[in-house]
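Residue numbers (this note's numbering): 145 to 323.
Heads up, the thing below is written out as structure tokens.
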């Protein structure tokens, strides 16, 4: 049996189903996003430790508390006023990205503000990294980011102990160069 080189298949629970797709119709289905520029971002990821073990009520309450801590941070407010921030909910916490040449030390101050406001009430880890990102609209048409800065900040947070702010080597080197 010959297969069309443009045929796709879908696998659902182990069963394979052919999906008809003609190349001339693919442009109707898949459109290219408009060209976007990559930009340097300073990303903080805050995660709640052992989030999956909490009740749904506790999860919601703790995320609300973390959101309030970020909003109360003078550093966060400063970047919001300058329209240089993108906030990204992540289920068990959030990511915050700051942009602009003065943003690197302000992001660290934001992490410290959140940690001080938290005062170890909620077991959280914080990870910070800087690298390139690309802005995009998510499924709900909210501003979001993709790129290595976000990915690595999540990994750095995953390496941190509860109550600690861990920064990547590249972010630490950047901070050293500013002093």
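Even glycine gets a Cβ: it sits at the ideal position worked out from N, Cα and C.
Just so you know, these numbers come straight off a predicted model, no measurement behind them.
Of all C-beta pairs linking the stretch 245-259 to the stretch 277-290, fewer than three are shorter than 8 Å, placing the two stretches out of contact. Under DSSP, residue 288 takes part in a beta bridge, and its partners are 280. DSSP links residue 239 through a beta bridge to 189, 232. Our two residues, residue 191 and residue 274, have alpha carbons roughly 18 Å apart in a direct line. An exposed status is given to residue 235, since fewer than 16 other beta-carbon atoms sit within 10 Å of its beta-carbon. Inter-segment contact for the stretch 263-274 and the stretch 299-308 is present: three or more beta-carbon pairs are separated by less than 8 Å. Residue 241 holds the alpha-carbon nearest to the alpha-carbon of residue 224 among 209, 237, 210, 241.
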